[in-house]
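Undergrad: Chains as they are written, first to last, in the numbering used here: chain P, 32 to 233; chain A, 32 to 233.
Don't be surprised by glycine CBs; every beta carbon is placed ideally from N, CA and C.
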């Protein structure tokens, strides 16, 4: 049994990840902290550090959050770009950067991107661009991690559980059950792979 | 003959691009302006706007600049990440965003990334991550561009002309002549392709 910190535990993606982490001691966190063990804002290095200090030793970080703004490219403001970059991209990079000081030997990081970087749709340019950045980051930084620490990213399509929210903007997409995406998180946490983008698509 | 704005014209990559743009009316720009027609700082939207206002009508923008900081991941500071993101990633996105208000119908944007996102090396995590972001951005935003405007990105390996600077940090890489990379810029500017990552590697 591993001690796993799951960030964004109450969201659809967090719940999906949870289905793959049942055998572990899962410590939950989210920005609001509602229904979770801890609060964390991944856009703040101080907040990330405080979380790891409070939790104590752990074997894995599974992140399922990254806030994105949606707009047509020509209408997207500097602030919308910056918000998305600071959360989905820099926030996840910082999780790894800070987490390396706390995670156990042989631990793992599992980040989140999303299928829109390979299946683009209107309004999602910032989501796609930052997903592309994170997919690349994971594939490259894996070579630098010390102490047998691994890193992967789950790149899922839309969840069945979130289809009522996103379905209208994603014509022609086939949603997948959260439990299938949970398998991807399980494969990252319990496997030996590193530097991989684990696509989950129908 | 097209009017092409070449940014970073005096650099090795700019000189490589120039070899592919000989048949055109090339207007040059760079941050310092040395040896160029204009100055431009791509990290400033106001500076980008001023450039386009001064040039008047044009058919293509070819960008060959994007400043990156190099460090081991665990030692890279917030400031080094931000500098790289603001130049190589956001700067190039802003070039397109502002340029769309000025470029002629049927015009094209050609951005620059670099091979380190698919062939990672030590110290280059920020370069790789932002190159991955730009490669993704180009592939996705192409679908949104109006008025038959195209966009591509050239993703080259190291140039023979820059091997004395970068060779030591890139063991096992085969440099290519700038004139070969120039062909990639030519193919982007004079072809009909859009949304493509044009890799140039040996």
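#1: Counting pairs of beta carbons, one from the region 222-230 of chain P and one from the region 40-55 of chain A, are three or more of them closer than 8 angstroms?
#2: By the criterion of Cβ-Cβ separation under 8 angstroms, what are the contact partners of residue 161 of chain P in chain A?
#3: Going along the region 80-114 of chain A in order, which residues come within less than 7 angstroms of chain P, judged by CB to CB distance?
#4: Rounded to the nearest angstrom, what separates residue 86 of chain P and residue 115 of chain P at their Cα positions?
#5: Please report the distance separating the alpha-carbon of residue 179 of chain P from that of residue 128 of chain P.
#6: By the criterion of Cβ-Cβ separation under 8 angstroms, what are the contact partners of residue 175 of chain P in chain A?
#7: Any beta carbon from chain P within less than 8 angstroms of residue 148 of chain A's own beta carbon?
#8: At the 8 angstroms Cβ level, is residue 121 of chain A part of the contact set with chain P, yes or no?
#9: Closest Cβ-Cβ distance between residue 67 of chain P and chain A: below 8 angstroms?
#10: Compare the C-beta of residue 216 of chain A against all C-beta atoms of chain P and say whether one is closer than 8 angstroms.
#11: Look up residue 15 of chain A in the DSSP assignment and say whether it is helix, strand or coil.
#12: Are the beta-carbon atoms of residue 33 of chain A and residue 91 of chain A separated by less than 8 angstroms?
#13: According to DSSP, is residue 147 of chain A part of a helix, a strand, or is it coil?
#14: Should the region 136-149 of chain A be called in touch with the region 179-199 of chain A, which here means at least 3 C-beta pairs below 8 angstroms?
#15: Bridge partners for residue 18 of chain P per DSSP, in chain order?
#16: Considering Cα atoms alone, identify which of P/186, P/74, P/119 and P/62 is closest to residue 42 of chain P.
#17: Given residue 104 of chain A, which residues of its chain have a CB within under 7 angstroms of its CB, disregarding the five upstream and five downstream residues?
TA: Once the coordinates are examined:
#1: The region 222-230 of chain P makes no contact with the region 40-55 of chain A, as fewer than three CB pairs between them are under 8 angstroms.
#2: Translated into the one-based positions of the first chain, residue 161 of chain P becomes position 130. By Cβ distance, chain A contributes 164.
#3: For the region 80-114 of chain A, residues whose beta-carbon sits nearer than 7 angstroms to a beta-carbon of chain P comprise 103, 104, 105 and 112.
#4: Here residue 86 of chain P is taken as the residue at index 55 of the first chain, counted from 1. Here residue 115 of chain P is taken as the residue at index 84 of the first chain, counted from 1. C-alpha separation (whole angstroms): 27 angstroms.
#5: Taking the first residue of the first chain as 1, we reach residue 179 of chain P at position 148. Taking the first residue of the first chain as 1, we reach residue 128 of chain P at position 97. Spanning the two alpha carbons is a distance of roughly 15 angstroms.
#6: To locate residue 175 of chain P, count along the first chain from 1; it is residue 144. Counting only Cβ-Cβ distances below 8 angstroms, residue 175 of chain P has contacts in chain A at 103, 104, 105, 153 and 156, in chain order.
#7: Stepping through the second chain from its first residue, residue 148 of chain A is reached at position 117. Interface residue, yes.
#8: Locating residue 121 of chain A in the second chain gives position 90, counting from the first residue. Yes, contact with chain P.
#9: Counted from its first residue, the first chain places residue 67 of chain P at position 36. By this cut-off, residue 67 of chain P is not an interface position.
#10: Along the second chain, one-based indexing puts residue 216 of chain A at 185. Taking Cβ atoms only, chain P never reaches closer than 8 angstroms to residue 216 of chain A, which makes this a no.
#11: In this structure chain A extends from 32 to 233, so residue 15 of chain A is not present and cannot be described.
#12: For the purposes of this step, residue 33 of chain A is taken as residue 2 along the second chain, with counting starting at 1. For the purposes of this step, residue 91 of chain A is taken as residue 60 along the second chain, with counting starting at 1. Yes, Cβ-Cβ distance for residue 33 of chain A and residue 91 of chain A is below 8 angstroms.
#13: The sequence position of residue 147 of chain A within the second chain is 116, counting from 1. Residue 147 of chain A: helix per DSSP, three-state reduction.
#14: Short answer: they touch.
#15: There is no way to answer for residue 18 of chain P, as the model of chain P reaches only from 32 to 233.
#16: Locating residue 42 of chain P in the first chain gives position 11, counting from the first residue. Out of P/186, P/74, P/119 and P/62, P/62 has the C-alpha closest to the C-alpha of residue 42 of chain P.
#17: Residue numbering aside, residue 104 of chain A sits at position 73 when the second chain is read from its first letter. Around residue 104 of chain A: 156.
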